Amino acid sequence: MPVLSAKCDMEAAGGGWTVIQARHDGSVDFNRTWQEYREGFGTLYALTSTGQHQLRIELEDWHHQKREATYNNFKVASEAQRFRLTAREYSGDAGNALSYSKRYNHDGRSFSTSDRDNDRYAGGNCGQYYGAGWWFDACLAANLNGHYYGGRYSGVTNGIYWGTWYILTDGRTGERYSFKQVEMKTRPKLFPGLS
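The opening position of the sequence shown corresponds to residue 1 in full-length UniProt numbering, with each subsequent residue numbered one higher.
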């Protein structure tokens with residue numbers, strides 16, 4: 001495997017995290033093709049294919065409230081398995097949006113993009129509808145690759161979304177808010193120095 005540079009977090013929950021996704025502004029568009037995601041997921045598959053790994057998701061809303069979700073069993077499968085997500089053994093205070101319900105369960109789902117429909121929604125392609133690549137079911141309870149909105153927006157819930165924290169909708173106007181920041185990071189489950 002070639003040597004790659006990566007952003008690390010040595011502070012959160014004992015450190016040792018490799019950041020695999022970071023959204024702090026709208027500078028990166030996550031509505032990408034299968035080929036573009038494949039280039040990054042090959043590295044993520046290699047990273048999580050040996051040993052057990054954790055996934056930590058950190059969310060921040062526009063009121064500077066922060067919450068996190070940790071999955072003590074995390075893996076991204078190979079391209080032959082359509083980069084299927086394993087995210088189990090939840091803890092945290094953001095809620096378990098990756099295993100929300102029988103219909104909206106991202107754990108065990110294949111990755112979909114606008115040009116590669118691997119979701120379980122019979123009525124269309126969730127990646128196309130929501131404008132992002134993600135582990136859609138039929139279609140979502142979470143989408144951390146959604147469109148980055150710097151303020152209110154109307155219409156489809158296609159912003160950065162984590163359905164178990166709260167729905168970022170203004171009850172009076174129906175306008176929605178996307179999360180301000182999100183990071184996804186992984187580390188070995190038995191990271192040295194953890195008790």
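The beta carbon of each residue, even a glycine, is placed where N, CA and C say it ideally should be. Remember, it's a predicted structure, so these values are computed and weren't measured experimentally.
Check, Outcome
"Helix, strand or coil for Leu44, going by three-state DSSP, please let me know.", "helix"
"Glu36 by DSSP, collapsed to three states: which one?", "helix"
"Could you please give the first and the last residue of the uninterrupted alpha helix (DSSP H) stretch that includes Tyr129?", "Cys126 to Tyr130"
"Can the beta-carbon of Thr164 be found closer than 8 angstroms to that of Ala94?", "yes"
"Quick check on DSSP: helix, strand or coil for Glu52?", "For the record, residue 52 in the displayed sequence is Gln; it is not Glu. Coil, per DSSP."
"Which partner residues of Val19 appear in the DSSP bridge assignment?", "Lys185"
"Indicate whether Phe136 and Tyr121 have their beta-carbon atoms separated by less than 8 angstroms.", "yes"
"What is the DSSP secondary structure of Ala6, reduced to helix, strand or coil?", "coil"
"In its own chain, which residues sit with a C-beta less than 6 angstroms from the C-beta of Ser154, not counting the 5 before and 5 after it?", "Glu175"
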